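Asks: Residues 595 to 1035 (the numbering used here) make up the sequence shown, in order.
Before we start, here is the structure in question, set down as structure tokens.
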Amino acid sequence: MRYFFPLAIPAIIAAQAVALETKQLFNFSTAVAIENSALRPDGSLLLTTFDQGRLYTLNPSLPNPQAELVAALPGATALCGIAAIDTDKFAVIDGIRGNYSYTNETIYTVDFSANPINPTIQVVSQLPNAIMLNGMAALPVHPHVVLAGDARLGAVFRVNTDTGAAEIAFTDPWLTAPSNASTPIGVNGLKIAGGYMYFTNTAREIFARVPIDGFGEKTGDIEVIATLDDADSYHWDDFVVLEDLGVAFLAQPDTAIAQISLDGEQNIIVGGGDDRTTVVGPTSLAIAQDGKALYVTTRGGTVNGSVYASLTIQAISSILEGQDNQGDRDSFEEASRLLAELKDAGNCVAPEYCHHVEVIEAALTANAKRMMLSENSGGPGNGALSTSQLAPTMPRGGLLWTDSSLQQLLSQPALDVQFLEDAVRDSWSPGRYGPGFGNVG
């Protein structure tokens, strides 16, 4: 007989495709614009601000988290990009803020490794040729080297935080603002993942990526992933990329958080539309270490005449509290762990299970498209979950399962997953399981 794996794990994942909830963690009582954030190893957030060069920390796990001042970096009025360059050590961009330009552009390091409360702070590089540094990320292979985008020059600087050496790694028109832009800010948020430098461009209203090598050299053309299609927003700011899941989450001022698949599909997951007060002026995002929370920082702003302070928000997916659902989640996590161990041990069955998950993902996507065609919607569907988003080797219990193909499947009056079983069965080929498996008998 043919041996087929059960569909239990994808079904459990589908059961978690639920709406997001948000809660406020902290808000400043005075006008403090939070610009960017980074996660420390203990789960605390570091917050850069436009508050006289002040860097704050906040522990979101506390019952009543409070922003605590880490330091006021000298010679600065504004802190912008921040990137982890070692264990509990960060590079921070600071400068004196002007009118779409900065002076005294400087890279500091803030090192908590010797003292988790009172870090060692050093100036590592000054960049007199920079005009408006913003986003920054460390090179994965050489994390002491950072790339920092200059929103006015349309350039990416490469800075060695060990030696202080700084140079322009590359320039590109897609990093610039158009000459007639009312807001002359080009490259804004910047992250590195999977051999790409991802970035947003404020004036061009794009989310894009460019392939780079291990030293931050550009190795190909810039690819525009998505162009902003929300008339109520005017740009994307900072973001997080989960490349293994094929998705990014972006701060979308003035009042929304967007989810964008890496093939360009856009969804608003928090705020937007009639909800204009949950997030006011979002600026940056960070994913909690357990993958179950998305932290959002804001600069505040005015909505319908009301002034909202800058704050930190935790956006979490609803947790299914039922006893049976908890058991399903526990089984899912345990199955994921065991499968990972099997793969690491060279088990020939585990890779085949992942193949089935790929087939299931393709079947879900095809089914969603069929449903849309039958409804004569005429518009493209939302981006399908990536293979690894369904693969049990990447347990993300509760993380933002908002894919439309799953939502459409779950919305059926009578849940029918026969097409999934058919797809897995049809995908089987002799010998795929390796010796002793999958034989017809």
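The beta-carbon is built from N, C-alpha and C at its ideal position, and this holds for glycine as well.
Being a predicted model, the structure only gives us computed values, none of them experimental.
#1: Between Gly-916 and the rest of its own chain, which residues show a CB-CB distance below 7 angstroms, the 5 nearest in sequence each way excluded?
#2: Taking Pro-734 as the reference, which of Ile-679, Gly-885, Ala-797, Val-897 has the closest Cα?
#3: List the endpoints of the continuous beta strand (DSSP E) containing Tyr-828.
#4: What whole-angstrom Cβ distance do Thr-651 and Val-664 have, given they're in contact under 8 angstroms?
#5: If Phe-801 and Ile-715 are in contact, beta carbons under 8 angstroms, what's the gap, nearest whole angstrom?
#6: Are Leu-747 and Ile-725 touching if we call contact CB-CB under 8 angstroms?
#7: Would you report the Cα separation of Ser-904 and Val-781, rounded to the nearest angstrom?
#8: Classify Asp-744 as helix, strand or coil using the three-state DSSP reduction.
#9: Suppose the cutoff is 8 angstroms on Cβ atoms and the five residues either side in sequence are ignored; what does the same chain contact list for Gly-637 look like?
#10: According to the neighbour-count rule (16 or more other Cβ atoms, all chains shown, within 10 Å of its Cβ), is Phe-793 buried or exposed?
#11: So what's Pro-876 in DSSP terms, helix, strand or just coil?
#12: What would DSSP say about Leu-769, mapped onto helix, strand or coil?
#13: So the candidates are Ser-631, Glu-662, Ala-627; which of them puts its Cα closest to the Cα of Leu-1036?
#14: Given a cut-off of 8 angstroms on the beta-carbon distance, is the pair Ala-670 and Gly-692 in contact?
#15: In the structure shown, what three-state DSSP assignment does Leu-839 receive?
#16: Using a 10 Å radius around the Cβ and a threshold of 16 neighbouring Cβ atoms, would you call Tyr-790 buried or exposed?
#17: Taking the CB atoms as reference points, tell me whether Gln-618 and Ile-907 lie closer together than 8 angstroms.
#18: Go ahead and label Ile-711 buried or exposed: buried means 16 or more other beta carbons lie within 10 angstroms of its beta carbon, across all protein chains shown.
#19: Candidates Gly-783, Asn-728, Arg-752: which alpha carbon is nearest Tyr-694's?
#20: From the DSSP output, in three-state form, read off Leu-652 for me.
#21: Mind checking who Ala-760 pairs with in its DSSP beta bridge?
#22: Taking DSSP as the reference, what is the three-state secondary structure of Asp-938?
#23: When you compare the CB positions of Thr-703 and Thr-755, do they come within less than 8 angstroms of one another, or not?
#24: Could you check whether Leu-856 and Val-841 sit closer than 8 angstroms to each other, using their CB atoms as the reference points?
#25: Would the C-beta of Gly-875 count as close to the ligand NAD, meaning under 7 angstroms from any of its heavy atoms?
#26: Looking at C-alpha atoms only, which residue of Asp-744, Thr-770, Pro-772, Val-740 is the closest neighbour of Thr-757?
#27: Could you check which residue in Val-873, Val-890, Gly-814, Thr-877 has the C-alpha nearest to that of Cys-674?
#28: Suppose the cutoff is 7 angstroms on Cβ atoms and the five residues either side in sequence are ignored; what does the same chain contact list for Ser-971 look like?
Replies: Result, derived from the coordinates:
#1: Residue placement at Gly-916 cannot be trusted, given a pLDDT of 38 that sits under 50; what the coordinates show is reported in the next sentence. Cβ neighbours of Gly-916 beyond the five flanking positions: none.
#2: Ile-679
#3: Counting along the chain, Tyr-828 falls outside any beta strand (DSSP E), and DSSP gives it neither H nor E.
#4: 5 angstroms
#5: Not really, about 33 angstroms apart at Cβ, beyond 8 angstroms.
#6: yes
#7: 23 angstroms
#8: strand
#9: Asn-653, Pro-654, Ser-655, Ala-882, Gln-883
#10: buried
#11: strand
#12: helix
#13: A question about residue 1036 goes unanswered here, because the residues of the chain that appear run from 595 up to 1035.
#14: no
#15: helix
#16: buried
#17: yes
#18: exposed
#19: Asn-728
#20: strand
#21: Val-753
#22: helix
#23: yes
#24: yes
#25: The ligand content of the structure shown is nil, which means the ligand NAD is not present either.
#26: Val-740
#27: Thr-877
#28: Confidence at Ser-971 is low in this model, with a pLDDT of 42, below 50, so the placement of that residue should be treated as unreliable; the coordinate-derived value is given next. Correct list: empty, nothing qualifies.
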